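This report refers to the structure that appears directly beneath it.
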Amino acid sequence: MLQKKYAAIQLKEERYESYLLEDADIVYVAYGICGRLAKAAADLLRKYGVKIGVLRPKSLFPFPEKMLSELAKTTKLFICVELSCGQMIHDVKLAIQCSRRVELINRMGGNILSVDEIVERTGNLL
648 MLQKKYAAIQ LKEERYESYL LEDADIVYVA YGICGRLAKA AADLLRKYGV
698 KIGVLRPKSL FPFPEKMLSE LAKTTKLFIC VELSCGQMIH DVKLAIQCSR
748 RVELINRMGG NILSVDEIVE RTGNLL
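My numbering runs 647 ahead of the 1-based position in the sequence shown.
Pasting the structure below:
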């Protein structure tokens with residue numbers, strides 16, 4: 648019975664923000680403050696011709712699996728931006744069934760990533 652409730656919640660309650668995903672070859676997946684930093688980094692990289700967008704989960708359950716699965720059909724690279732050791736990267740890999748490359752840009756210890764650092768580390772992944 649509880650599984651039925653979870654399934655119903657997952658169908659109706661996936662919450663996320665999509666930003667510049669229409670033509671994106673690369674997608675940042677980031678939540679919280681990292682989502683806002685990823686949007687700023689995407690804006691900067693777009694000025695240099697990089698087709699990059701952001702998927703920002705607003706809730707981690709239910710995780711936006713369907714949206715990620717759809718994006719995996721056209722996206723070449725997913726980059727998780729996190730202030731942790733990389734916890735969400737596993738959820739992304741599961742959602743896309745490891746069909747695309749998934750990388751991590753992270754920092755631990757309470758210091759926030761800068762937009763410039765995200766841009767630089769993204770460049771190193773390309």
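Just so you know, even glycine gets a beta-carbon here, dropped at the ideal spot from N, CA and C.
Note that this is a predicted model, so its numbers are computed, not measured.
Where the beta strand (DSSP E) containing residue i begins and where it ends
i, result
"L646", "The displayed coordinates of the chain run from 648 to 773. Any statement about residue 646 would go beyond what the structure contains."
Close-in-space but distant-in-sequence residues of the same chain around residue i (CB under 8 Å, 5 per side omitted)
i, result
"C681", "V728, E729, L730, L760"
"V739", "V676, L715, F725, C727, V749"
Residues near residue i in its chain [Cβ-Cβ closer than 7 Å; skip 5 each side]
i, result
"R662", "K705, S706"
"R747", "A719, T722, K723, L724, F725"
Continuous alpha helix (DSSP H) stretch holding residue i: start and end
i, result
"E717", "712 to 718"
"R778", "An answer regarding residue 778 cannot be provided, because it is not within the stretch 648 to 773 covered by the chain."
"R683", "680 to 694"
"I736", "735 to 742"
Residue i - partner residues in DSSP beta bridges
i, result
"L724", "I673, R748"
"I699", "I673"
"E764", "The partner list for E764 (beta bridge, DSSP) is empty, contrary to what the question assumes."
"N758", "According to DSSP, which records beta bridges pairwise, N758 is partnered with nothing at all."
Own chain partners of residue i with C-beta closer than 6 Å, once the 5 adjacent residues on each side are dropped
i, result
"A614", "Residue coverage of the chain in this structure runs from 648 to 773, which leaves residue 614 outside it and unanswerable."
"E664", "R703"
| task | Flag this pair as touching only if the region 730 to 737 and the region 658 to 674 have three or more C-beta atom pairs under 8 Å; answer yes or no. | result | no
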